[in-house]
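Residue numbers (the working numbering), protein chains in the order written: chain D, 1 to 159; chain B, 1001 to 1286.
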Amino acid sequence: MSHIHVKTTINGDAVEFLCQADETLLDVLRDRLDLTGSKEGCASGDCGACSVTLDGRLVCSCLMLGAEAEGSKIETIEGMAEGETLHPLQQAFLDHAALQCGVCTPGFLIAAKALLEKNPDPSEEETRYWLAGNLCRCTGYDKIIRAVLAAAKNMRETA
Amino acid sequence: MNYQSPQSVADALALLAADENSRVLAGGTDLLVRLRLGHIAPSTIVDIKQIDGMRAITQEAGGFRIGAAVTGAEMSEHSNLGEAWPGVVEATDLIGSTQVQGRATPVGNLCNAGPAADSVPALVAAGAMVRVEGPDGTRDVAAEDIPKGPGKTSLTQKELVTSIFLPARPANSADAYLRFIPRTEMDIAVVGCGVSLTLDDNGTIIEARVSLGAVAPKVLLVKEAAEAIIGTKLDDAALDRLALAASTAANPIDDKRGTVAFRKDVSGVLARRAAKIAYSRAKGDK
Chain D
1 MSHIHVKTTI
11 NGDAVEFLCQ
21 ADETLLDVLR
31 DRLDLTGSKE
41 GCASGDCGAC
51 SVTLDGRLVC
61 SCLMLGAEAE
71 GSKIETIEGM
81 AEGETLHPLQ
91 QAFLDHAALQ
101 CGVCTPGFLI
111 AAKALLEKNP
121 DPSEEETRYW
131 LAGNLCRCTG
141 YDKIIRAVLA
151 AAKNMRETA
Chain B
1001 MNYQSPQSVA
1011 DALALLAADE
1021 NSRVLAGGTD
1031 LLVRLRLGHI
1041 APSTIVDIKQ
1051 IDGMRAITQE
1061 AGGFRIGAAV
1071 TGAEMSEHSN
1081 LGEAWPGVVE
1091 ATDLIGSTQV
1101 QGRATPVGNL
1111 CNAGPAADSV
1121 PALVAAGAMV
1131 RVEGPDGTRD
1141 VAAEDIPKGP
1151 GKTSLTQKEL
1161 VTSIFLPARP
1171 ANSADAYLRF
1181 IPRTEMDIAV
1191 VGCGVSLTLD
1201 DNGTIIEARV
1211 SLGAVAPKVL
1221 LVKEAAEAII
1231 GTKLDDAALD
1241 RLALAASTAA
1251 NPIDDKRGTV
1261 AFRKDVSGVL
1271 ARRAAKIAYS
1281 RAKGDK
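Structure representation (structure tokens):
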């Protein structure tokens, strides 16, 4: 069967790919573009490990087809650090030990970044609700929430 | 599987008519899960998001027309939709996570015909009209007449919902939606209840619509519950009659999320609470 030709911008770079109609955006990122930071946890939109932003909007890349990405701007975990310099959220996750196995971490970082872009000073409750679609089976969430709030404070102070 | 992204309603209808095994794709948060689980195996996917107007919320005749691909997040962020229809917006906002809100659409929630769909009781209480396009032209259908039972709708395979219309609000009107779940987020309604009210200048209810979700094979519009509070100022006796009417109308099943007796009781409790919120909003309390 012939492929679909899709033109996107991923992490600031023009990226074209070919995919089958039934491939999800997550399949394309991982298997065709070697962007394996986004993870497949549940493939049903419950766990958030595949989180990316699409035209600035936080989405599960497992819940959309690669073909639907035509013309859109996608941001993935691979675009978060600037070279060797970690994003303040990434640094805060390390400083607060907000990860253990790490499978959920790219999704949490992308989701937290989307939160702070919309609301630079979220309350703990707002942060917990925003991240309710990201599951972590290791940390118990508390360190993740503390890391996000610390990064938010740091980003506000250095802005 | 063949993926199509038509630019017009006419092209979308032609694609649906050309393949009996075609499926409409809007947000995809239900469709992709069912594809992955192998519950459906369509030969054509018709993505309607590129069609003009599908992603727009427009003011029309004093009300709002919500395109079939408008997401929950876009409804929550709209500057004045939530002022006119707070219950519809809060109900839609309860569906799934932040990620799901970025894709999922109330039209998809309606057409998926899940009995526990959160936006549907709110749309029914609001008196939402659903615009359906098909080979025989355009028809406007009341939201409660779209679902027929779990996973079943009154739409034919060749038809497409293009928008939902929320009518203009008279003065002193408001709606509210509440659901019961055993946790605080990311769950499916055990019971859901929508209430929409219009008051006169003295605070007497002159119009009411009360709906229940997750307590029958499809959403219920409970006329007896509305009649129980019309002509009242929502005093305790009216609230008791409302709760009794809602509990009586509920016709749920026993399952892992709740028993029949529990769901009938909670139907009354939620109707009472949602009516109080809608009443307070209609009076202009913040």
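Cβ coordinates follow ideal geometry from the N, Cα and C atoms, glycine included.
query	result
Which bits of chain B does valine 59 (chain D) rub up against, with CB to CB less than 8 angstroms?	Gln1099, Gly1102, Arg1103
Could you please tell me which residues of the region 1011 to 1028 of chain B, in chain order, have their CB closer than 7 angstroms to any CB of chain D?	Gly1028
Closer than 9 angstroms, Cβ to any Cβ of chain D: which residues of the region 1183 to 1194 of chain B, in chain order?	Thr1184, Glu1185, Met1186
Less than 8 angstroms between the beta carbons of glycine 107 (chain D) and lysine 39 (chain D), yes or no?	yes
Is the region 1038 to 1050 of chain B close to the region 1086 to 1105 of chain B, with three or more CB pairs under 8 angstroms?	no
Quick one: grab the DSSP three-state call for glutamate 1207 (chain B).	strand
Can you grab the Cα-Cα spacing for the pair serine 1009 (chain B) / leucine 1081 (chain B), in whole Å?	Contrary to the premise, residue 1009 (chain B) reads as valine rather than serine in this sequence. Between valine 1009 (chain B) and leucine 1081 (chain B), the C-alpha separation is close to 25 angstroms.
Hey, valine 1132 (chain B) and threonine 1105 (chain B): beta-carbon distance below 8 angstroms or not?	no
Could you spell out the range, first to last residue, of the beta strand (DSSP E) harbouring glutamine 1059 (chain B)?	1057 to 1060
Can you give me the start and stop residues for the alpha helix (DSSP H) that arginine 156 (chain D) sits inside?	142 to 158
Is it true that the CB of valine 1191 (chain B) sits closer than 8 angstroms to the CB of arginine 1263 (chain B)?	yes
Rounding to the nearest angstrom, what Cα-Cα distance links alanine 43 (chain D) and glycine 1114 (chain B) in this structure?	20 angstroms
At least one CB of chain E closer than 8 angstroms to the CB of asparagine 1109 (chain B): is that the case?	No chain E appears in the structure shown, which is made up of the protein chains D and B.
My guess is that glycine 1028 (chain B) and alanine 1073 (chain B) are in contact by the Cβ rule of under 8 angstroms, so how many angstroms apart are they, rounded?	Not a contact, Cβ separation roughly 14 angstroms.
Is the beta carbon of alanine 1274 (chain B) closer than 8 angstroms to that of alanine 1176 (chain B)?	yes
Going along chain D in order, which residues have a C-beta closer than 8 angstroms to the C-beta of glycine 1096 (chain B)?	Gly45, Gly133
Is tyrosine 1003 (chain B) close to chain D, meaning its C-beta is less than 8 angstroms from at least one C-beta of that chain?	yes
Given that leucine 35 (chain D) touches chain B, what residues does it touch there, using C-beta distances under 8 angstroms?	In chain order: nothing, as chain B lies at least about 18 angstroms away.
Report all residues from its chain with a CB closer than 7 angstroms to the CB of threonine 1156 (chain B); omit the five preceding and five following residues, and keep chain order.	Gly1134
Apart from the five residues on each side of it in sequence, which residues of its chain come closer than 8 angstroms, Cβ to Cβ, to glutamate 68 (chain D)?	Leu25
Could you name the residues that DSSP lists as bridge partners for glutamate 82 (chain D)?	D:Thr85
Return the CA-CA distance between glutamate 23 (chain D) and glutamate 1207 (chain B), expressed in angstroms with no decimal places.	49 angstroms
Using the beta-carbon count (16 or more within 10 Å), is threonine 959 (chain B) buried or exposed?	Outside the displayed span of chain B (1001 to 1286) sits residue 959 (chain B), for which this structure offers no information.
Under a three-way DSSP split, which group does valine 1037 (chain B) fall into?	The sequence given here has leucine at residue 1037 (chain B), not valine. Residue state, collapsed to three classes: helix.
For leucine 1199 (chain B), collect the residues of the same chain with a Cβ closer than 8 angstroms to its Cβ; drop the 5 residues on either side in sequence, then sort them by chain order.	Asn1172, Ser1173, Ile1205, Ile1206, Tyr1279, Ala1282, Lys1283
List in chain order: all unbroken beta strand (DSSP E) runs of 3+ residues lying wholly within the region 1132 to 1204 of chain B.	1137 to 1142, 1147 to 1149, 1160 to 1166, 1173 to 1180, 1191 to 1199
Check distances from the C-beta atoms of the region 86 to 113 of chain D to those of chain B and list, in chain order, the residues that come in under 9 angstroms.	Gly107, Ala111
Tell me which residues share the same chain as aspartate 1140 (chain B) and place their Cβ nearer than 6 angstroms to its Cβ, disregarding the 5 neighbours each side in the sequence.	Met1129, Arg1131
Look at isoleucine 1211 (chain B) and alanine 1125 (chain B) and say whether their C-beta atoms are less than 8 angstroms apart.	Here residue 1211 (chain B) turns out to be serine, not isoleucine, going by the sequence shown. Yes, the pair counts as a contact, with Cβ atoms nearer than the cut-off.
At 9 angstroms on the CB atoms, spell out the chain D contacts of isoleucine 1045 (chain B), in chain order.	Ala21, Asp22, Leu65, Ala67
Which of the three DSSP states is assigned to threonine 1248 (chain B) in this structure?	helix
Residues of chain B with CB under 7 angstroms from tyrosine 141 (chain D), in chain order?	By Cβ distance, chain B contributes nothing, its closest Cβ being about 12 angstroms from tyrosine 141 (chain D), past 7 angstroms.
What residue range is occupied by the uninterrupted alpha helix (DSSP H) comprising glycine 1268 (chain B)?	1260 to 1282
Cβ closer than 8 angstroms: which chain B residues qualify as neighbours of serine 51 (chain D)?	Gln1099
Inspect the beta-carbon positions of aspartate 121 (chain D) and arginine 146 (chain D) and report whether they are closer than 8 angstroms.	no
For arginine 1209 (chain B), does the count of other Cβ atoms within 10 angstroms reach 16, so buried, or fall short, so exposed?	buried
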